[in-house]
Amino acid sequence: DSEAGVANADAAYYKDLDVYLAKMAELREELDSALSFGCVRTSMMLTRYPGAGARYARHLDATPEQTGDVRRLTAVYYMNPDWKVENGGCLRVYVPAELADRVAAEFGTEGGGAAGGSGEHPEGLRPLDIEPRLDRLVLFASGWLEHEVLPSHAERSAITTW
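The numbers in the UniProt record's numbering rise by one with no breaks, and the one at position 136 of the sequence shown is 136.
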């Protein structure tokens, strides 16, 4: 994959990115107000997977061993127009089986773009796949939700904010 850092000062040049940054600032303020989230700093990463099976292995965005300014919330915003299931590139998250069942029942394999992955895992977690469709925002706890990017067979772009 490709990564590029973008400083806040550069955002005005990219109108859509500027809108995204403003929306993320609003979300941060709402979380702080409603949940006393206490976020004092954010970081952002732009990623582009070129296709050809590019992927990112299973991981956590933060670990219990980390101290100080630790990532607590991950926000992934997808910028992929006309995404097709056969393109692959899903975000696979590992959730308790009961949650995977509830999501699959509500969204199925159509419409919501989330479907239960196959198989039970030893940790009692089940994979749940989320398609990287245009304008989809996925939020999750950085320190406990293991996730990966499955092989992508088309160019795939996202902005990740912590």
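All residues carry an ideal CB built from backbone N, CA and C; glycine is no exception.
Small disclaimer: the values here were computed from a predicted structure and weren't measured.
**Prompt:** Using the C-alpha atoms, what's the distance from Asp18 back to Leu145?
**Reply:** So the alpha carbons of these two residues sit roughly 28 Å apart.
**Prompt:** If you draw a straight line from the C-alpha of Arg92 to the C-alpha of Asp16, how long is it?
**Reply:** Between the alpha carbons of Arg92 and Asp16 lies a gap of roughly 26 Å.
**Request:** Taking Ser157 as the reference, give the member of Leu46, Leu125 and His147 with the closest Cα.
**Result:** Leu46
**Item:** Three-pair Cβ contact test at 8 Å for the stretch 23-30 versus the stretch 127-135
**Value:** no
**Item:** Environment of Gly38 [buried if 16+ CB atoms lie within 10 Å]
**Value:** It is exposed - the Cβ of Gly38 has fewer than 16 other Cβ atoms within 10 Å.
**Asked** Rounded to a whole number of angstroms, what is the C-alpha to C-alpha distance between Ala54 and Ser33?
**Response** In this model, Ala54 and Ser33 are separated by some 39 Å (Cα to Cα).
**Complete runs of the alpha helix (DSSP H) confined to the stretch 12-80 [at least 4 residues]** = 15-35
**Among Asn87, Pro96 and Ala141, nearest to Glu155 - alpha-carbon criterion** = That would be Asn87, whose Cα lies nearest to the Cα of Glu155.
**For Leu139, the residue or residues it bridges with in DSSP** = Ala75
**Request:** Compute the Euclidean distance between the alpha carbons of Asp61 and His153, then round it to the nearest angstrom.
**Result:** 24 Å
**Asked** Distance, Cα to Cα, Thr42 vs Trp162?
**Response** Straight-line Cα distance between these residues: approximately 5 Å.
**Asked** DSSP state of Asp129, grouped into three classes?
**Response** strand
**Message:** If the criterion is Cβ atoms closer than 8 Å, does the pair Cys90 and Leu150 meet it?
**Reply:** yes
**Per-residue burial, Asp129 [other beta carbons within 10 Å of its own, 16 or more giving buried]** = buried
**Spatial distance of Ala141 from His147 (CA atoms)** = Ala141 and His147 have their alpha carbons spaced roughly 11 Å apart.
**Asked** If we count the other Cβ atoms within 10 Å of its Cβ and call it buried at 16 or more, is Val40 buried or exposed?
**Response** Counting C-beta atoms within 10 angstroms of its own C-beta, Val40 has fewer than 16 neighbours from the protein chains shown and is therefore classed as exposed.
**Item:** Exposure label - Gly111; buried when at least 16 CB within 10 Å
**Value:** Unreliable placement is indicated for Gly111, whose pLDDT of 34 sits below 50; the coordinate value is still reported in the next sentence. By the neighbour-count criterion, in which 16 or more other beta carbons inside 10 Å mark a residue as buried, Gly111 falls on the exposed side.
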